[in-house]
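Here is the structure we will look at.
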């Protein structure tokens, strides 16, 4: 369990933390297949909630 948590933390630190945009985050975690346009995704979601 300890080794698994170390791997998760290392992945977060090395891959996710350096992300400078939502576009980059979506690319790293493999969401580009599900989110067609990451640059407008958050605006679209917030617009639908309003």
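In the UniProt record's numbering, the protein residues as written are 1 to 50. The C-beta atom is built at its ideal place from N, Cα and C for all residues, glycine as well. Everything numeric in this text was worked out from a predicted model, so none of it was measured.
Here's a check: name, in chain order, each residue in its chain whose Cβ is nearer than 6 Å to the Cβ of residue i, leaving out the five neighbours to either side.
{"i": "residue 19", "result": "25"}
Leaving aside the five residues before and after residue i along the sequence, list all residues of the same chain whose C-beta is less than 8 Å from its C-beta, in chain order.
{"i": "residue 28", "result": "15, 16 and 19"}
On a CA-only basis, which of the options is nearest residue i? Give me that one, please.
{"i": "residue 21", "options": "9, 1, 42 and 3", "result": "42"}
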